[in-house]
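Student: This structure is in structure tokens; I'll ask about it shortly.
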DNA sequence: TACTCTAGTGGTAACGATAACATAGGCTGT
DNA sequence: ACAGCCTATGTTATCGTTACCACTAGAGTA
């Protein structure tokens with residue numbers, strides 16, 4: 001019984017076909033020089049033999065993979081999932097594969113992950129955010145592949161970036177509330193110090209409030225990022241207890257905002273009449289819930305698509321390379337009008 | 338300027354340290370025989386030289402990777418994300434990495450993906466569901482690595498499975514509605530023929546209704562899977578229009594159920610007094626929304642964790658190998674009581 | 001007719017790590 | 001004191017593919 005015999009290689013196919021291994025190799029490369037009939041016959045023989053192309057050997061020999069490494073804070077987040085989806089779909093056209101890792105909103109974990117991903121010799125690496133541990137930063141600076149930071153505009157970009165100003169986006173929301181006549185505005189976010197983007201939104205909130213000459217001290221920390229709907233609801237209960245005269249609240253994400261919304265409903269607080277609510281991220285929930293949720297669209301999927309196109313441009317060298325600044329869009333819905 | 342010099346290899350480190358490449362290699366393997374001081378010195382030298390371990394070469398030489406290939410229908414689905422999270426976290430303890438691909442609920446796409454993933458010589462492959470194209474099935478049958486089907490109990494398992502009966506789970510929901518006194522019960526799902534698990538839930542609904550001697554013809558097709566909240570809402574509107582005397586509805590997922598819930602609110606239909614609603618998947622939304630949502634917990638994360646442990650058991654050979662049957666749990670909440 | 005030129009194919013070496021085996025010392029026990 | 005063993009290290013060959021170069025036959029060109 002030779003059921004455990006070694007899987008066939010290109011050399012086996014070559015032997016069967018009476019051609020050189022080189023020709024077999026070429027038959028598997030779309031754009032290389034083999035006569036159409038030879039290629040067809042080889043591919044058929046390969047299929048018959050149950051041959052499976054060995055990407056590892058191929059990558060090893062050619063010293064380049066078809067991987068793009070990607071780190072995101074959490075796999076279970078619709079925004080980042082959209083970004084990864086945009087990336088994967090756009091890169092799939094070039095037969096490139098995403099190598100995904102998630103950091104759990106932890107820079108230390110990100111460092112480990114980056115190191116592990118770089119071992120695969122990816123063609124490019126995409127990270128979320130513009131803040132990293134010193135060692136992670138050094139790793140990214142010394143690696144000679146394109147590095148793209150996303151979901152942020154880094155103070156000092158390592159390579160390229162595709163992102164937007166989180167602080168600026170929150171400013172839009174604050175401006176909207178202020179122009180609607182609100183003065184006593186609060187912010188619900190995660191505990192300080194973990195989630196970088198969350199912190200920037202918080203900082204942006206404070207700056208925007210102060211720019212309007214308003215008090216920016218109504219800050220509720222709802223727990224370790226990412227904030228769940230439940231935590232958003234709890235934070236809302238706390239906010240109403242501590243600052244009952246608050247008129248509007250900016251939430252670090254739509255999930256928190258939705259939690260806040262349900263808490264208002266439970267407490268019988270009418271939204272938006274008594275309390276205006278704004279979220280972040282344009283999650284599906286925001287356009288379906290009652291009342292619909294004012295939010296900020298950060299164009300998560302577009303970030304992924306544009307990142308992918310940037311990577312392809314860089315690899316093609318030739319095309320003009322430019323960083324991409326996304327302009328988030330305020331979407332005013334029923335929760336604030 | 339030698340900024341573009343080739344990255345250092347183990348041989349370079351060996352030269353610098355005055356040891357053999359083999360010793361350097363061993364220094365990077367946790368459990369191998371090198372004196373503590375030699376290892377430390379080598380790792381330090383490696384760090385100084387900016388050495389990055391080449392997993393590709395390592396995998397190639399040893400003819401085994403540390404990948405586990407995983408296909409899921411969609412990356413943007415909290416249930417599958419949880420499963421992947423459970424897998425990744427459990428496998429991370431053994432330094433194994435997930436190689437993720439998504440099929441977009443398309444068996445043809447799944448076939449392409451499986452072929453591509455197998456080229457990486459993964460240690461195991463995890464697929465979602467128990468239905469595949471003939472070619473995909475053959476690929477999985479002939480590959481000599483563990484194959485695990487999840488989220489289903491396949492009629493003819495290819496290798497192992499970690500799953501549950503989708504039909505049986507829906508039966509629990511129907512039984513619950515019936516014992517609550519409902520007779521005119523509807524089902525909201527996706528268009529027939531694409532999403533396998535959705536189809537099974539639909540079939541399960543029909544079977545369960547007929548077992549109770551009830552009419553099972555109130556079936557609303559809400560669009561191409563996966564059904565969004567919006568589509569769930571639209572389907573609900575249609576249901577109320579076509580069958581205004583319906584008493585309860587089983588939805589293919591919590592997202593659809595939530596959409597249905599909001600539609601009821603918009604229409605002023607009281608839930609659960611006038612209309613009971615049940616979902617599937619125990620998404621976070623279901624325990625936060627008002628009223629909270631009756632659902633079925635399929636233990637998505639546990640599926641991932643148990644799949645990972647199964648894989649580790651198989652690879653360790655020695656441990657007893659058993660397929661895992663998950664028992665979904667009906668969670669009764671306010672939308673049906 | 002002689003002469004490029006191109007498409008199609010073959011031969012050889014190499015990518016970087018490590019499996020398998022070999023070896024040099026130091027230590028144990030009788 | 002010496003066989004026997006264990007620890008730490010070295011040597012050699014190799015995984016499967018493809019980069020690089022060489023070659024041939026026939027078409028096109030002067």
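Protein chains in written order, with my numbering: chain A, 1 to 337; chain B, 338 to 674. Ideal Cβ positions, reconstructed from N, Cα and C, are used throughout, including at glycine.
(1) So for residue 264 of chain A, helix, strand or coil by DSSP?
(2) What residues of chain B sit near residue 120 of chain A, judged by a beta carbon separation below 8 angstroms?
(3) Please state whether the Cβ-Cβ distance between residue 125 of chain A and residue 102 of chain A is less than 9 angstroms.
(4) Would you decide whether residue 136 of chain A is buried or exposed? Buried here means 16 or more other CB atoms lie within 10 Å of its CB.
(5) Looking at the secondary structure, which residues open and close the alpha helix (DSSP H) in which residue 67 of chain A lies?
(6) With DSSP collapsed to three states, give me the class of residue 250 of chain A.
(7) If I'm right that residue 68 of chain A touches residue 176 of chain A with Cβ under 8 angstroms, what's the distance once you round it to whole angstroms?
(8) I need the straight-line Cα distance from residue 344 of chain B to residue 358 of chain B, nearest angstrom please.
(9) In this structure, how does DSSP classify residue 149 of chain A when only helix, strand and coil are distinguished?
(10) Please report the residue range of the beta strand (DSSP E) in which residue 632 of chain B lies.
(11) Run down chain B in chain order and give the residues with a C-beta less than 8 angstroms from the C-beta of residue 110 of chain A.
(12) Once the 5 residues before and after residue 568 of chain B are set aside, which same chain residues still bring their CB inside 6 angstroms of it?
(13) When the Cα atoms are used, what is the spatial distance from residue 375 of chain B to residue 381 of chain B?
(14) What is the C-beta distance between residue 491 of chain B and residue 467 of chain B, in whole angstroms, given that I count them as a contact (C-beta under 8 angstroms)?
(15) Looking at the unbroken beta strand (DSSP E) that takes in residue 99 of chain A, where does it start and where does it end?
(16) 9 angstroms is my cut-off, CB to CB: does residue 8 of chain A come that close to chain B?
(17) Which residue marks the beginning of the alpha helix (DSSP H) containing residue 427 of chain B, and which one marks its end?
(18) How big is the Cα-Cα spacing for residue 483 of chain B and residue 662 of chain B?
(19) How long is the line joining the alpha carbons of residue 293 of chain A and residue 584 of chain B, rounded to whole angstroms?
(20) Residue 388 of chain B and residue 562 of chain B: beta carbons closer than 9 angstroms?
(21) Per DSSP, residue 662 of chain B is paired with what?
(22) Looking at chain B, is there any beta carbon in it that lies within less than 9 angstroms of the beta carbon of residue 285 of chain A?
(23) The alpha helix (DSSP H) that contains residue 397 of chain B, what's its start and end?
(24) How about the stretch 293 to 303 of chain A and the stretch 251 to 271 of chain A: do they share at least three Cβ pairs that are nearer than 8 angstroms?
(25) What number of angstroms, rounded off, separates the C-alpha of residue 449 of chain B from the C-alpha of residue 459 of chain B?
(26) Report buried or exposed for residue 142 of chain A, applying the criterion of at least 16 other Cβ atoms within 10 angstroms of its Cβ.
(27) Need the endpoints of the beta strand (DSSP E) that residue 187 of chain A sits in, please.
(28) Just to make sure I have the definition right: I need the residues of chain B whose C-beta is within less than 7 angstroms of the C-beta of residue 289 of chain A. Which are they?
(29) Between the Cα of residue 366 of chain B and the Cα atoms of B:353, B:391 and B:352, which residue gives the shortest distance?
(30) With a threshold of 16 other CB atoms inside 10 Å of the CB of residue 537 of chain B, please say whether the residue is buried or exposed.
(31) Excluding the 5 residues preceding and the 5 following residue 305 of chain A in the sequence, name in chain order all residues of the same chain whose CB lies nearer than 8 angstroms to its CB.
(32) What is the DSSP secondary structure of residue 551 of chain B, counted as helix, strand or coil?
(33) DSSP three-state call for residue 412 of chain B: helix, strand or coil?
(34) How big is the Cα-Cα spacing for residue 506 of chain B and residue 351 of chain B?
(35) Is the distance from the Cβ of residue 352 of chain A to the Cβ of residue 71 of chain A below 9 angstroms?
(36) Mind checking which residues open and close the beta strand (DSSP E) that includes residue 371 of chain B?
Tutor: Taking the coordinates as given:
(1) helix
(2) 392 and 393
(3) no
(4) buried
(5) Unbroken run through residue 67 of chain A is the beta strand (DSSP E), 67 to 72; no alpha helix (DSSP H).
(6) strand
(7) Not confirmed; about 37 angstroms, so no contact.
(8) 16 angstroms
(9) strand
(10) 632 to 634
(11) Here the premise fails: no neighbours, minimum Cβ distance about 14 angstroms.
(12) 559 and 560
(13) 10 angstroms
(14) 3 angstroms
(15) 97 to 102
(16) no
(17) 415 to 429
(18) 17 angstroms
(19) 30 angstroms
(20) no
(21) B:500
(22) yes
(23) 392 to 399
(24) yes
(25) 16 angstroms
(26) exposed
(27) 185 to 189
(28) 599
(29) B:391
(30) buried
(31) 86, 87, 89 and 90
(32) coil
(33) coil
(34) 59 angstroms
(35) For residue 352 of chain A there is no data in the structure shown, the boundaries of chain A being 1 and 337.
(36) Run containing residue 371 of chain B: none; DSSP gives neither H nor E here.
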